[in-house]
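Heads up, the thing below is written out as C-alpha cells.
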Amino acid sequence: MDVSERYTSLQDYTEEMSTKSNRPILTSLNPDDSLQGMSPMKNNGQCVRRQCVILLTIALLLSIAANIAFGIVLSHQKSQQPCMSKLRSLNGSSAPACEEGRTEAALEFRYNHLQSRYTAVCQQYNSLAEKCPQPGTTVKVCQPCPVSWLLHEDRCYFFGKDKMQWNESRDSCVELGGRLVILLSHKQHDFLEQEAKKLGGFDYHYWIGLNDIEKEGDWRWVDNTPVNITYWNALESQPDNHLSGGLHGEDCAVLNSHSKSWFDVPCDFQYPRICEMSAVKI
1 MDVSERYTSL QDYTEEMSTK SNRPILTSLN PDDSLQGMSP MKNNGQCVRR
51 QCVILLTIAL LLSIAANIAF GIVLSHQKSQ QPCMSKLRSL NGSSAPACEE
101 GRTEAALEFR YNHLQSRYTA VCQQYNSLAE KCPQPGTTVK VCQPCPVSWL
151 LHEDRCYFFG KDKMQWNESR DSCVELGGRL VILLSHKQHD FLEQEAKKLG
201 GFDYHYWIGL NDIEKEGDWR WVDNTPVNIT YWNALESQPD NHLSGGLHGE
251 DCAVLNSHSK SWFDVPCDFQ YPRICEMSAV KI
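Mapping of the sequence shown onto the UniProt record's numbering: position 113 corresponds to residue 113, and the numbering continues sequentially without gaps.
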C-alpha cells in the first residue's frame, strides 16, 4: 500500500476545487468515525472489566456473609454453655432422684402389704373370738374348734340336732362357717359313723354333702368334686333312685350310722346334718 492509499484511509476529500487554487479541499473526519474500526476490541475489554468487578463484589459479599454467619454460630455456642453446664449438673443429680423414687415405691408396696396383712389378722381375730370362750374369766383360752364342734385330726365337725331338708342343711352349714361334710378317707368315715351312732339314738340318718341333682347317677360333693371312695349299701342295691322320691327320685345321700353305709333318699326328707370346717392351728 502506498502513501496515498494510507492517506485516503484516514481522511476523505472532495473533488471540488478551491476557488483560490486547484488543490482539492480536504474534509477532516470525525474522531469517532476514525475509530469505528477499533470499537469491537474496546467494547470487549470493557465487558471483561465489568465482569471482574462484579465477581470481586460477589466474592467480597460472600466473605462478609460467611464472617457474619460464623460470628452468629460462635455467639450461639457461647450462649448455650451455661445451659449445657446446668443440664450436666441436672443429669448428675438425677441418680439420687431416681433412687428416691424407687425408695418411695418400695415403701408404698410395703405399706399396702402390711395393710392387707392387718385386714387378714383382724378377720382371723374375729374368727378366733368365736373359738375362744371366756365364761366368767378375762383370760381367753383358745380352742381349735368352736363350741359344740368336735375335733378330729385337722377338721372340726358339727352334728346338728334339728332336722332339715338337704338344701336347708347345706345352707345352714355355710351360715355356721363350714359346709356339709365331704368324706375322703376310711378313717374319717369311721369317726363320723361312731359319733353319729353315739348322738343319733333313733335318728341314725345324717345328711352328708353328696347329691346327683344336676345329673342322675353323677354323684358329686358340695364343692362339685366327684366321689373317689363310696360307702353305698350294697345289700340294698344303693343308690337305687327309688320311686319314693317322686318325679325327682332320690338325689341326696345320707349316712346310716347303723349300717355304716350310705343311702340315696329324696332331698326333701328331713334329717339331722353333719357340718365340717378346718380346725384352727393353735
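Where is the CB? At the ideal position from N, CA and C, for every residue including glycine.
Given the structure is predicted, the values throughout are model-derived calculations rather than measurements.
Could you check what DSSP says for residue i in three-state terms: helix, strand or coil?
{"i": "Glu276", "result": "strand"}
{"i": "Cys52", "result": "helix"}
{"i": "Leu61", "result": "helix"}
{"i": "Phe269", "result": "coil"}
{"i": "Lys281", "result": "coil"}
{"i": "Ile25", "result": "Low confidence applies to Ile25: its pLDDT is 46, below 50, so where it sits in the model is not reliable, and the reading given next is rough at best. It is a strand residue."}
{"i": "Met38", "result": "Because the pLDDT of Met38 is 47, which lies under 50, any placement of that residue in the model is unreliable, and the question is left without a value."}
Pull up the DSSP beta-bridge partners for residue i, would you.
{"i": "Val254", "result": "Trp207, Phe263"}
{"i": "Trp221", "result": "Leu210"}
{"i": "Pro226", "result": "Arg220"}
Locate the beta strand (DSSP E) running through residue i, then write down its first and last residues.
{"i": "Cys142", "result": "No beta strand (DSSP E) contains Cys142, which DSSP labels as neither H nor E."}
{"i": "Tyr157", "result": "155-159"}
{"i": "Leu184", "result": "It is not in any beta strand (DSSP E) - Leu184 carries neither H nor E in the DSSP assignment."}
{"i": "His152", "result": "150-152"}
Going by the CB atoms, is the gap between residue j and residue i shorter than 7 Å?
{"i": "Ile229", "j": "Phe159", "result": "no"}
{"i": "Pro144", "j": "Leu151", "result": "yes"}
{"i": "Trp219", "j": "Val254", "result": "no"}
{"i": "Asn233", "j": "Ser257", "result": "no"}
{"i": "Val181", "j": "Gly209", "result": "yes"}
{"i": "Lys161", "j": "Pro266", "result": "no"}
{"i": "Gln165", "j": "Gln270", "result": "yes"}
{"i": "Glu250", "j": "Tyr157", "result": "no"}
Against chain C, with Cβ distances strictly below 7 Å, would residue i count as a contact?
{"i": "Phe159", "result": "Going by chain labels, chain C is absent from the structure shown, which holds only one protein chain."}
With hydrogens ignored, establish whether the beta-carbon of residue i is closer than 6 Å to any heavy atom of the ligand ADP.
{"i": "Thr119", "result": "Absence of the ligand ADP from the depicted structure is noted, as is the absence of any ligand whatsoever, leaving it without description."}
Nearest to residue i by alpha carbon, out of the options?
{"i": "Gln238", "options": "Val280, Asp264, Ala105", "result": "Asp264"}
{"i": "Arg155", "options": "Gly178, Met164, Thr119", "result": "Gly178"}
{"i": "Ala279", "options": "Cys142, Tyr271, Lys161, Gly217", "result": "Cys142"}
{"i": "His248", "options": "Lys161, Glu276, Gly217", "result": "Gly217"}
{"i": "Glu236", "options": "Pro226, Cys267, Glu175, Ser259", "result": "Ser259"}
{"i": "Cys252", "options": "Leu56, Tyr118, Ser169", "result": "Ser169"}
{"i": "Val147", "options": "Thr119, Leu176, Ala69", "result": "Leu176"}
{"i": "Lys281", "options": "Ser172, Asn167, Asn67, Glu153", "result": "Glu153"}
{"i": "Lys163", "options": "His205, Ser185, Leu192, Lys198", "result": "His205"}
Which residue comes first and which comes last in the alpha helix (DSSP H) that contains residue i?
{"i": "Ser169", "result": "166-175"}
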